[in-house]
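Worksheet: one structure, shown below.
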Amino acid sequence: MLDLQYIRENAEVVKSAIINKATGTPDLVDHVLELDELWRKITTELQNVQTAANAEAKKIGELMKSGQKEQAQSAIAESSRLKAALKDLEEGQRTAALSLDAALLEIPNVPHPSVPIGKVPSDNVVAFEHGVFPAFSFQPVPHWDILEKHDLVDFDRGSKVAGAGFPFYKGPGARFQRALINFFLDQAIGSGYLEIQAPLVVNEDSARGTGQLPDKEDLMYEAVRDGLYLIPTAEVPVTNLHRDEILSESDLPIKYCAYTPCFRREAGSYGKDVRGLNRLHQFDKIELVHFVRPEDSYEALEELRAHAEDLLQKLGLPYRRLLMCTGDMGFTQAKKYDLEVWSAGQERWLEVSSISNFETFQARRMKIRYRSKSEARPQIVHTINGSGLALPRIVAALLENNQQEDGSITIPPALRSYFGSETLISS
RNA sequence: GGAGGGGUGGCAGAGCCCGGCUGAAUGCACCGGUCUUGAAAACCGGCAUACGUUUGCGCGUAUCGUGGGUUCGAAUCCCACCCCCUCCGCCA
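According to our numbering, the residues represented by the first sequence are 2 to 428, in order.
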């Protein structure tokens, strides 16, 4: 959610943002400004009447005390008349506020000036590439063949027990996951993050706070009876951790890392995009979250990005960093990077991390503020988050890139102590 | 599941029975100052949030879990809902 005053003062900027993000019509801005004006008009009038009513009530108290009953009676009559007027104004204000809030929620975050303007994925800028593609003396196979050969993941029984996209990981497959989780967490802790174990369900307020509601409810599994949502990412509970709080400036920056399973309905996908581990309804991810002062947020974005890239480098995975264009970056982000690893068996890039600066967009909804020494009022923090990292596609890329002619898989040195051996072979 | 207690400012905690003098005592934290070589202590002053309005000082409105009601007037009385805590039971 953007600051209303900002929209008033920067209407054209916000309109361009809507156009560049292709997320609605710029008329929304005018609509918001009209509703804002209406709301303010009603509010001013309402407050004037309230002032009169308050004065009258106070007068009555004094008259009663001094025994001037007659004057008190006429004041009571006047007060009753004001009260009737208040009712209509209050109703009008409420209606105006609801419309205004609803319209405001339709306005996307404004992209940072450094974000390229574009509409489609091909407009994203490849900002960085690292590593070399692995060379093979044989034809490398996609990871689903490897998973089957070594019996690492059981998709069919997962389908039976839960549904498509809910696999069982078995033996070395499960162990490999656990190794990655521990490796990622230890790396994050070493970089100064505080480890968090978060609830895997959140309430409606939390889902709204990070922007999953109102319009992305199809993304989430819902426990209707209890009004809870299964988290689509740890970003939701971890960012909401400080909802409705005023932090002290000395608390910042706050950096959390959290491992959680993530649940996504992801309706409407098909084909090779969802083959194997490429896209699942439940997957594991380590999420990194920063709460920072506004002036520090772009530095923090690069810092978090570097932490995520460091993991890929330590795993020896060739990857590239995309700077997402306005049309492909999402509603709530001000700037976003995607990290993609090269998957040699499928010969394609797989997205494994998405790193974004939300500026005040999330924090304003959640009322996460801090007391600043230089400002009289509490300031809204900036939030930044990114995956560090999402497991399934990392598993896919590691299996595909490190496969050997004899069918075994070489484990990257950084993971060996976690996995317990140098190679993965059939048990 | 049974019984009881409670939700007040950054935190702790009065006020509620007996409605107006309470946007709210007091303490802590925090900020500024005096003192000090410096710090601590002591002392003095400031300090809820949001919105509206104003060039500004300021003024106004709302907010004591949420929503509704009674009343000229509600933190305070009534109703509903949400949440938390304690004890007992059950259980990993």
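Built from N, CA and C at the ideal position, the CB exists for glycine as well.
Here the alpha carbon of Lys-286 sits roughly 43 Å from the alpha carbon of Trp-40. An exposed status is given to Asn-49, since fewer than 16 other beta-carbon atoms sit within 10 Å of its beta-carbon. Under the 8 Å Cβ criterion, the region 284 to 302 counts as touching the region 351 to 369, having at least three qualifying pairs.
The three-state reading of DSSP puts Ile-369 in coil, since its state is none of H, G, I, E or B. Residue pairing for Gln-283: DSSP places it in a beta bridge opposite Phe-264. With a threshold of 16 other beta carbon atoms within 10 Å, Ile-190 falls short and is exposed. DSSP places Phe-332 in no beta strand (DSSP E); its state is neither H nor E.
Unbroken alpha helix (DSSP H) runs of no fewer than 4 residues, entirely contained in the region 369 to 425, are found at 392 to 402, 414 to 420, following chain order. Beta-bridge partners assigned by DSSP to Val-203: Tyr-230. DSSP places His-131 within a strand segment (E or B) once states are collapsed to three.
The three-state secondary structure of Ala-309, taken from DSSP, is helix. Pro-122 and Gln-94 have their alpha carbons spaced roughly 43 Å apart. Apart from sequence neighbours up to five positions away, the residues of its chain that approach Pro-200 with a beta-carbon distance below 7 Å are Pro-238, ordered along the chain. Per DSSP, the beta-bridge partners of Leu-323 are Val-127, Asp-339.
For Phe-156, there is no enclosing beta strand (DSSP E); the enclosing alpha helix (DSSP H) covers residues 156 to 162.
For Gly-228, the CB contacts under 8 Å within the same chain, skipping 5 residues up- and downstream, are Asn-204, Glu-205 in chain order. The Cβ atoms of Leu-313 and Ala-128 lie no closer than 8 Å to each other. Checking the DSSP bridge columns, you'll see His-291 partnered with Lys-256, Ile-385. Taking the Cβ atoms as the reference, Ala-54 lies roughly 4 Å from Leu-83, within the contact range of under 8 Å.
Ranked by Cα distance from Arg-9, the first of Leu-105, Tyr-338, Ile-77 is Leu-105. For Gly-119 against Thr-327, the beta-carbon gap comes to about 6 Å, under 8 Å, which counts as contact. Within its own chain, the residues whose Cβ lies closer than 7 Å to the Cβ of Pro-143, once the five positions on either side in sequence are excluded, are Gly-277, Gly-346, Gln-347, Glu-401, listed in chain order. Contact between the region 335 to 354 and the region 215 to 234 is absent, with fewer than three C-beta pairs closer than 8 Å. By DSSP's assignment, Ala-224 forms a beta bridge with Leu-229. For the pair Arg-294 and Leu-253, the CB atoms are nearer than the 8 Å cut-off.
According to DSSP, residue pairing for Tyr-170 in a beta bridge involves Val-154. Approximately 5 Å separates the beta-carbon atoms of Gly-166 and Leu-281; this is inside 8 Å, confirming the contact. Contact check for Leu-231 against Val-275 fails: the beta carbons are separated by 8 Å or more. Taking each of Val-396, Pro-319, Ala-377 in turn and checking the Cα distance to Val-133, the smallest one comes out for Pro-319.
CA-CA distance, Ala-78 to Glu-71, rounds to 11 Å.
In this structure, the alpha-carbon of Tyr-371 lies about 27 Å from that of Met-330.
If you ignore the 5 residues before and after Ile-395, its C-beta comes within less than 8 Å of the C-beta of Leu-181, Leu-316, Leu-318, Val-342, Val-353, all in its own chain and listed in chain order. In the three-state reduction of the DSSP assignment, Phe-139 falls in the coil class. In the DSSP assignment, Arg-349 falls within the beta strand (DSSP E) that extends over 349 to 360. DSSP places Leu-195 in the uninterrupted beta strand (DSSP E) bounded by 195 to 197.
For Ile-247, no alpha helix (DSSP H) segment is defined; the enclosing uninterrupted segment is the beta strand (DSSP E) at 247 to 249.
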